[in-house]
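The structure appears right after this line, and notes come after that.
Residue numbers (full-length UniProt numbering): 1 to 234.
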């Protein structure tokens, strides 16, 4: 099978997928579409070359160029495009088969970005060694992230997948599940420790279900953190 296109993003960092690229990469995997990730991308260099900027003037990553020349930026939009060109059954499973399902998918994709990815960035960067510890920001973003997890825990009561409330008996994960679980991979590695996980049994069970999806086993493989660092010197 020929690749559907190239995803320009960071690569070559062991066990780390660029957060804004994860949904697109996961979507390609579950739709059985090959996605090329050009090696050697250097942020601040590769994306500032005349060749790159001629296609993507903002120099942003991820950026996608399809095999037939379609150019798309923004991770969620790239993922949507990849799902939308997939075969009909999997396309409807991921994006929804009617207006209600499609709206719910979009709701969860946006929610994952705004309520999980944004607040958790502050909590994660210094724990991964990429940022500076900020006590005030930590105190603000920790409760904000917890509030989002509380909401997700409640929404998952009695559900296998996030769209089970509107799918009328249909089974299977959607892009909603891909987006939300993807936004939790890094937090489970360094922030959501054993004590914290005890308060979110529905979230943990659902996340492990996503890990069990055959096409996602490698992408979502991780070691759950036992005890998170509270301060850099801890």
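Note that beta-carbon positions come from the ideal geometry of N, C-alpha and C, so glycine has one too.
Only a predicted model underlies this, so the values are computations on that prediction, with no experimental measurement involved.
Among the options, which has the Cα closest to the Cα of residue i?
i, options, result
"residue 2", "68, 26, 104", "68"
"residue 184", "5, 101, 130, 19", "19"
"residue 123", "54, 187, 63", "187"
"residue 190", "139, 112, 128", "128"
"residue 235", "23, 160, 142", "Outside the modelled stretch of the chain, which goes from 1 to 234, sits residue 235, for which no answer is possible."
"residue 35", "208, 59, 6", "6"
"residue 134", "167, 158, 107, 233", "233"
"residue 210", "110, 180, 119", "180"
"residue 23", "64, 206, 157, 125", "64"
"residue 174", "157, 110, 218, 91", "91"
"residue 176", "162, 204, 206, 39", "162"
"residue 61", "39, 109, 47", "47"
"residue 109", "182, 39, 167", "182"
Would you call residue i buried or exposed, if buried means 16 or more other Cβ atoms sit within 10 Å of its Cβ?
i, result
"residue 14", "Residue confidence is low: residue 14 scores 47 on pLDDT, short of 50, so the model does not pin down where it sits. No coordinate-derived value is stated."
"residue 101", "buried"
"residue 215", "exposed"
"residue 115", "buried"
"residue 242", "Given a span of 1 to 234 for the chain in the structure shown, any question on residue 242 remains unanswerable."
"residue 33", "buried"
"residue 132", "exposed"
"residue 130", "exposed"
"residue 178", "buried"
"residue 261", "With the chain running from 1 to 234 in the structure shown, residue 261 is simply not present."
"residue 75", "buried"
"residue 87", "exposed"
"residue 21", "buried"
"residue 71", "exposed"
"residue 219", "buried"
Between which two residues does the alpha helix (DSSP H) harbouring residue i extend?
i, result
"residue 64", "First-last for residue 64: 63 to 66, but that is the beta strand (DSSP E), not the alpha helix (DSSP H)."
"residue 27", "19 to 30"
"residue 110", "99 to 111"
"residue 204", "201 to 211"
"residue 146", "135 to 155"
"residue 92", "88 to 95"
"residue 219", "No alpha helix (DSSP H) contains residue 219, which DSSP labels as neither H nor E."
"residue 193", "Neither: residue 193 is in no alpha helix (DSSP H) and is coded neither H nor E."
"residue 54", "50 to 55"
Which partner residues does residue i have in the DSSP bridge list?
i, result
"residue 6", "36, 65"
What are the start and end residues of the beta strand (DSSP E) that includes residue i?
i, result
"residue 116", "Per DSSP, residue 116 belongs to no beta strand (DSSP E) and is neither H nor E."
"residue 71", "71 to 73"
Exercise for the section: Answer yes if the segment 147 to 163 comes into contact with the segment 74 to 84, meaning at least three C-beta pairs across the two stretches below 8 Å, and no otherwise. Expected result: no
Exercise for the section: Give a yes or no on contact between the segment 150 to 165 and the segment 193 to 207, applying the rule of three or more CB pairs nearer than 8 Å. Expected result: yes
Exercise for the section: Report yes or no: do three or more beta-carbon pairs, one from the segment 65 to 79 and one from the segment 22 to 39, lie closer than 8 Å? Expected result: The answer is yes - the segment 22 to 39 touches the segment 65 to 79, with three or more Cβ pairs under 8 Å.
Practice task
Please confirm if the segment 175 to 194 is in contact with the segment 216 to 230, defined as three or more CB-CB distances below 8 Å between the two stretches.
Solution key: yes
Handout entry: Three-pair Cβ contact test at 8 Å for the segment 90 to 110 versus the segment 41 to 55
Key = no
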